[in-house]
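Numbering of the sequence shown is given in this note's numbering, commencing with residue 377 and proceeding in unit increments.
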Amino acid sequence: MKLGSLRGEVSRLQRHADRGIQDGDIVGSSDALRATIELSLRAAQSQIPVLIEGESGVGKELYARFVQSNGPRAGKPFVSVNCGAIPENLIESILFGHEKGAFTGESAKHIGKFEEADGGTLFLDEIGELRTDMQVKLLRALQEGTVDPVGGRKTVRVDVRLIAATNRDLFQMVNEGGFREDLYYRINVFPLNVPPLRERNQDIPELVHHFVRRFSAIEHKQVTAVDEAAMAMLSAYAWPGNVRQLENAVFRAVVLCDSDQLSSADFPHIARAQGVPLEGLISAGTKPAPRVNGSGQVNGQLPVLGGGTVKFGPLQMSKPMSSVMPWITTRDRCRGWHGVWGSDAPPYIARFATWALMPGMTPARWMVQTPDPTPPHGCVVFCALRCAGNLTDPT
């Protein structure tokens, strides 16, 4: 399986290098996605300027490369520029280039992104971030097909196909005076709206499996599946960061997973947002640990507040939790946290110690899988582990 995944990843990268992005490289089968792909294919057959609109993380650059790869400029340069990531004092030089000596200490000529993309496609991401004076120069370059390098005396002719993208409402920006109306109509000849992931959540299982295969190969892991509960949880989540957030969540889960199957516990932040209880879950493939019932009695083999010496998996509690609790709550580094929670602190610490004593749990894993991100938990769990293992006082 591992060799097959590696071969698949190498094949995917080779295809992208050889022929760019094709229909089969865009994962999903929902109606919304297929409609977007169909519009992209129509745009690809012409030289028409395209404006790709969509929320952050939906994959706007992927569609820009898809348009490039399926049109007459396939195989030609594809130059991507994030307009929001370039310092304002450098944007003109980066787009149009500069001559030697144009700036103090500049000893070499530099060609701009327009010249780099000559004969191919120039992708301007987050075009709404361009300041207004640069919008004027961009408009002229698009209309005339020429650029004026900073400090240069000669106009340079270029042949580029422009694809722009934004996560902002450019029409509203035009009405508010933040974006030039003439430039807006110049770039918005063929608008292409990429739907957010929440509007095509039927694609989530396919995306998850795609990312699992990809990252398992990259990280040399044996993860091959996602359990039903985890998949249902992921499919029900709204994903405000869209496909990029889902991709990063799966990447993190694959890295942390010690089994061959991902579970809800491998997505603790998503589980918290969904209200999915994670107590008793460590990682994929681990059975839920028994819980403590309302009367405070041990249901299984858990160390609980006020209990005695209890065996839990391979560990043996050498001290009762009733004696551990005062020891933990009186330590200096825990006092501030105790003050925040007040009388609730002992039950919380008992709950955290229960988690900390689960088989296979380490302080590092705890810090990324805890159901509550309060920073002092690391200290609390560390103390609980020391006490439970009959270790010396860490202070």
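The C-beta atom is built at its ideal place from N, Cα and C for all residues, glycine as well. Note that this is a predicted model, so its numbers are computed, not measured.
Would you call the CB atoms of residue 449 and residue 495 closer than 9 Å? Yes, these two residues count as a Cβ contact at 9 Å.
Within this structure, are the beta carbons of residue 546 and residue 427 separated by less than 9 Å? A contact, by the Cβ cut-off of 9 Å.
If you run the structure through DSSP and keep just helix, strand and coil, what is residue 517? If DSSP states are grouped into helix, strand and coil, residue 517 belongs with the helices.
Extent of the continuous alpha helix (DSSP H) run through residue 624: 618 to 632
CB residue 509 to CB residue 442, shorter than 9 Å? For the pair residue 509 and residue 442, the CB atoms are not nearer than the 9 Å cut-off.
Does DSSP classify residue 501 as helix, strand or coil? Three-state result, residue 501: strand.
Kindly indicate which three-state DSSP category residue 396 falls into: helix, strand or coil? Coil at residue 396, not helix or strand.
With a floor of 4 residues, list each alpha helix (DSSP H) that falls wholly inside the segment 397 to 435, ordered by position along the chain. With a minimum length of 4 residues, the continuous alpha helix (DSSP H) runs that stay inside the segment 397 to 435 are 407 to 420.
Using a Cβ-Cβ cutoff of less than 7 Å, which residues in the same chain neighbour residue 613 once the five nearest sequence positions on both sides are dropped? 646, 649, 650
Taking just the CA atoms, how far does residue 583 sit from residue 460? 28 Å
Buried or exposed for residue 596, going by 16 or more other Cβ atoms inside 10 Å? exposed
Would you say residue 398 lies against chain B (beta-carbon separation less than 9 Å)? Of the protein chains in this structure there is only one, and it is not chain B.
Consult DSSP for residue 547 and reduce its assignment to one of helix, strand or coil. Here residue 547 carries a helix assignment [DSSP, helix/strand/coil].
Compare the Cα-Cα distances from residue 424 to each of 512, 463, 518, 548 and report the closest residue. Per the Cα distances, 518.
Three-way DSSP call (helix, strand, coil) for residue 460 in this model: helix
Unbroken alpha helix (DSSP H) run spanning residue 529, endpoints: Taken as a continuous stretch (DSSP letters only), residue 529 belongs to no alpha helix (DSSP H), as it is neither H nor E.
Would you be able to state if there are at least three C-beta pairs under 8 Å between the segment 550 to 560 and the segment 578 to 592? Contact between the segment 578 to 592 and the segment 550 to 560 is absent, because fewer than three Cβ pairs lie under 8 Å.
CA-CA distance, residue 453 and residue 489? 10 Å
What is the DSSP secondary structure of residue 540, reduced to helix, strand or coil? strand
Roughly how many angstroms lie between the CA atoms of residue 572 and residue 632, to the nearest whole one? 27 Å
Could you check if residue 595 belongs to the surroundings of the ligand ADP, using beta carbon to heavy atom distance under 8 Å? What this structure holds is no ligand at all, so the ligand ADP is not there to describe.
Considering only residues of the same chain and omitting the five flanking positions on each side of residue 342, which have a CB-CB separation below 6 Å? Given that the chain is displayed from residue 377 to residue 771, the structure contains no residue 342 and the question cannot be resolved.
According to DSSP, residues forming a beta bridge with residue 600: Beta-bridge pairing links residue 600 to no other residue.
May I have the straight-line CA-CA distance separating residue 438 from residue 641, to the nearest angstrom? 31 Å
Could you check which residue in 543, 564, 638 has the C-alpha nearest to that of residue 618? 543
Cα-Cα, which of 590, 559, 569, 598 is closest to residue 429? 569
Verify whether the separation of the beta carbon atoms of residue 446 and residue 420 is less than 9 Å. yes
Quick check on DSSP: helix, strand or coil for residue 638? strand
Residue 402 to residue 463 span [Cα, whole Å]: Rounded to the nearest angstrom, the gap between the Cα atoms of residue 402 and residue 463 is 32 Å.
What whole-angstrom Cβ distance do residue 540 and residue 515 have, given they're in contact under 8 Å? Contact flag wrong, Cβ pair sits at about 12 Å.
Just how far apart, CA to CA, sit residue 415 and residue 432? 20 Å
Is residue 652 helix, strand or coil when you go by DSSP? coil
With a Cβ-Cβ cutoff of 9 Å, do residue 635 and residue 588 count as a contact? no
In angstroms with no decimal places, state the Cα-to-Cα distance between residue 537 and residue 548. When rounded, the distance between both Cα atoms is 25 Å.
Helix, strand or coil: how does DSSP classify residue 454 here? strand
Since residue 471 is in the beta strand (DSSP E), which residue starts that stretch and which ends it? Segment 467 to 472 is the alpha helix (DSSP H) holding residue 471; no beta strand (DSSP E) there.
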